[in-house]
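**Q** Letter by letter, the sequence shown follows residues 29 to 459 of my numbering.
Backbone N, C-alpha and C fix where the C-beta goes; we use that ideal spot for every residue, glycine too.
Here the structure is a predicted model, which means the values were calculated and not measured.
Okay, here's the structure, questions in a sec.
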Amino acid sequence: MKNYLIKNATIVNYDKEEVGDVLVKDGVITKIGKNLFEPRVEVIDALGLYLLPGGIDAHTHMQMSFGGTYSSDNYYDGSVAALAGGITSYIDYAIQKGDDSILETLDKRLKLVEEQKPLTDVYFHVAITRLDEKILDEFKDLPAHGVHSLKCFMVYKREGMQIAPDDIAKIMVEAKKYGIMVNIHAEDVDQIDANIDKFVEEGKLDCKYHYLSRDEEVEYAGDKIVIDLIKKTGAPAYIVHLANEKGVKLAREAKKEGLPLLVETCPQYLAFTSEVYFDPMKGLDFVCSPPIKNKASQDELWKAIIDGTIDTVATDHCPFYHEEKLWGKDDFRKIPNGCGGIQYLYIYMLSEAIKRNIPFSRIVSLISYKPAQIFKLKGKGEIKVGNDADLVLFSKEGEHVITKEEDKSKADTNIYEGLTLKGKIVRVFKK
Ligand SMILES: [Zn+2]
Numbered sequence: 029m030k031n032y033l034i035k036n037a038t039i040v041n042y043d044k045e046e047v048g049d050v051l052v053k054d055g056v057i058t059k060i061g062k063n064l065f066e067p068r069v070e071v072i073d074a075l076g077l078y079l080l081p082g083g084i085d086a087h088t089h090m091q092m093s094f095g096g097t098y099s100s101d102n103y104y105d106g107s108v109a110a111l112a113g114g115i116t117s118y119i120d121y122a123i124q125k126g127d128d129s130i131l132e133t134l135d136k137r138l139k140l141v142e143e144q145k146p147l148t149d150v151y152f153h154v155a156i157t158r159l160d161e162k163i164l165d166e167f168k169d170l171p172a173h174g175v176h177s178l179k180c181f182m183v184y185k186r187e188g189m190q191i192a193p194d195d196i197a198k199i200m201v202e203a204k205k206y207g208i209m210v211n212i213h214a215e216d217v218d219q220i221d222a223n224i225d226k227f228v229e230e231g232k233l234d235c236k237y238h239y240l241s242r243d244e245e246v247e248y249a250g251d252k253i254v255i256d257l258i259k260k261t262g263a264p265a266y267i268v269h270l271a272n273e274k275g276v277k278l279a280r281e282a283k284k285e286g287l288p289l290l291v292e293t294c295p296q297y298l299a300f301t302s303e304v305y306f307d308p309m310k311g312l313d314f315v316c317s318p319p320i321k322n323k324a325s326q327d328e329l330w331k332a333i334i335d336g337t338i339d340t341v342a343t344d345h346c347p348f349y350h351e352e353k354l355w356g357k358d359d360f361r362k363i364p365n366g367c368g369g370i371q372y373l374y375i376y377m378l379s380e381a382i383k384r385n386i387p388f389s390r391i392v393s394l395i396s397y398k399p400a401q402i403f404k405l406k407g408k409g410e411i412k413v414g415n416d417a418d419l420v421l422f423s424k425e426g427e428h429v430i431t432k433e434e435d436k437s438k439a440d441t442n443i444y445e446g447l448t449l450k451g452k453i454v455r456v457f458k459k
């Protein structure tokens, strides 16, 4: 069913809402208007429903190796969960290993995608974990291979994945020449390692010490380094999974000053607070890095969602089985870091938009338009003629409580279980 006409929908784009009809032929939007007629196509009556551009999850980790296991969803599994939640594209992280070049890193992951045949579009950021002249020399070839973003970890020094600030600066300067975005995992690694050593020595090992070793101040210190790097280089940077109050305020000021800073947060930081870590068993499932922060941070993030300080909301989807999470019940260093959520990103944010009276256009900007713009995904992010017909038909009516069973992700951990969502997806169209 690739030819169809959606009638009388409230069409939501990042900048406006308008009632109209959308004609799709061979998976492409060919006409938008009022009172459209087209013979021999399926007609879908969408009166009273919202038509949104397909969601784009700009931060996932499918089949990623971590702490002796792999995140539980491969590219196919992740796409099934994604589509169930109106996410029609996701951008995964290909992480450089050993002597692999950037393009070798990418090719290995593209091969997995080819084998696993995901139902959504899949794109990649490449995470650089070691830097030399040859790596820098590759940058000029990346856009032609569809890579428009790189990532640097300020953290994971002991794991051999850290890029020190001076090297991040070099990467930012070189990347800017080719219009490549640099995504940064910002936390102060020296503070983290010192905190971990201290807690281990004191025998403080349950999961709340994961949070306390990487608390609000630790993340804020990382954010300050990013702002300094932008000032020093004049090159843009994108902070992934920003989660702390002072970091949000700093980002707001930086943007007011006109610095080329972009900011992402994740639904887990909006839906929960650090209280979750004070239950030593259930808290395991919520362990991710950076950890979920205090109530003041949660409140500030919501302010930033509304005022535009936050550019994108993405999941950092990286689910593990509870059995694997249990490896760290007596030593927080052994808990696989990550939570699932790709299925809930769009519907959780739309539900919150209903509850908090935020226009849907704002959510569409965060989860479709901006990710497409920032990461240069052609034909995505907007309902407009010529774009791919990745579309979500959504109703504001009804509500439901999230259960573990409905989660299409392979893992048996669902941190969103028990939350009540308003509204529902009526139908998802994928090109
Ligand atoms: Zn991540």
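Let me confirm a value: Met-309 is counted as buried when at least 16 other C-beta atoms fall within 10 Å, else exposed. Which label applies?
**A** Exposed is the call here.
**Q** So what does Thr-293 bridge to, in DSSP terms?
**A** Note: Thr-293 sits in a beta bridge opposite Val-341.
**Q** Within 10 angstroms of its Cβ, does His-238 collect 16 or more other Cβ (buried), or is it exposed?
**A** Burial call: buried.
**Q** Between which two residues does the alpha helix (DSSP H) containing Lys-383 stretch?
**A** 373 to 384 is the extent of the alpha helix (DSSP H) around Lys-383.
**Q** Using a threshold of 7 Å, is the CB atom of Val-268 nearer than that to any non-hydrogen atom of ligand 1?
**A** For ligand 1, at least one heavy atom lies less than 7 Å from the Cβ of Val-268.
**Q** Evaluate Leu-430 with the Cβ neighbour count: other Cβ atoms within 10 Å of its Cβ, from every protein chain shown; 16 or more gives buried, anything less gives exposed.
**A** In the sequence on display, residue 430 carries Ile and not Leu. Ile-430 is buried by the Cβ-count criterion.
**Q** Can you tell me which of the three DSSP states Glu-45 falls into?
**A** It is a strand residue.
**Q** Are Ser-177 and Asp-418 closer than 8 Å when you measure CB to CB?
**A** No, Cβ-Cβ distance for Ser-177 and Asp-418 is not below 8 Å.
**Q** Drop a sphere of 10 angstroms on the beta-carbon of Gly-369, count the other beta-carbons inside from all chains shown, and report buried for 16 or more, exposed for fewer.
**A** Buried, since its Cβ has 16 or more Cβ neighbours within 10 Å.
**Q** Could you tell me which residues DSSP puts in a beta bridge with His-428?
**A** Beta-bridge pairing links His-428 to Leu-449.
**Q** Does ligand 1 have even one heavy atom less than 7 Å from the beta-carbon of Ile-118?
**A** According to the sequence provided, residue 118 is Tyr. The question's Ile does not apply to it. False, no ligand heavy atom lies under 7 Å from that Cβ.
**Q** Measure from the alpha carbon of Glu-166 to the alpha carbon of each residue in Lys-139, Tyr-374, Asp-128 and Asn-41, then state which is nearest.
**A** The shortest Cα separation from Glu-166 among Lys-139, Tyr-374, Asp-128 and Asn-41 belongs to Asp-128.
**Q** Would you mind giving the Cβ-Cβ distance between Asp-251 and Ala-279, rounded to the nearest angstrom? I have them listed as a contact below 8 Å.
**A** Right, the Cβ-Cβ distance comes to about 7 Å (below 8 Å), so this counts as a contact.
**Q** Within the same chain, show all residues whose beta-carbon is closer than 7 Å to that of Lys-260, passing over the 5 residues directly before and after it, in chain order.
**A** Result list for Lys-260: Ala-197, in chain order.
**Q** Closer than 7 Å to a non-hydrogen atom of ligand 1 - does that hold for the CB of His-238?
**A** Because no heavy atom of ligand 1 lies under 7 Å away, the Cβ of His-238 does not count as near it: no.
**Q** My assumption, with CB atoms under 8 Å, is that Ile-60 sits in contact with Val-71. Please give the rounded CB distance.
**A** About 15 Å; that fails the 8 Å criterion.
**Q** Quick check: what's the CA-CA separation for Gln-124 versus Tyr-376?
**A** Distance between the alpha carbons of Gln-124 and Tyr-376: 32 Å.
**Q** Looking only at DSSP bridge pairs, what is His-153 linked to?
**A** DSSP lists Tyr-121 as partners of His-153.
**Q** Residues in its own chain within less than 7 Å of Lys-44 by CB, not counting five upstream and five downstream?
**A** So the qualifying residues of the chain are Ser-389.
**Q** Please list the terminal residues of the continuous beta strand (DSSP E) segment that includes Asp-73.
**A** It spans 70 to 73 - the beta strand (DSSP E) in which Asp-73 sits, taken as one unbroken run.
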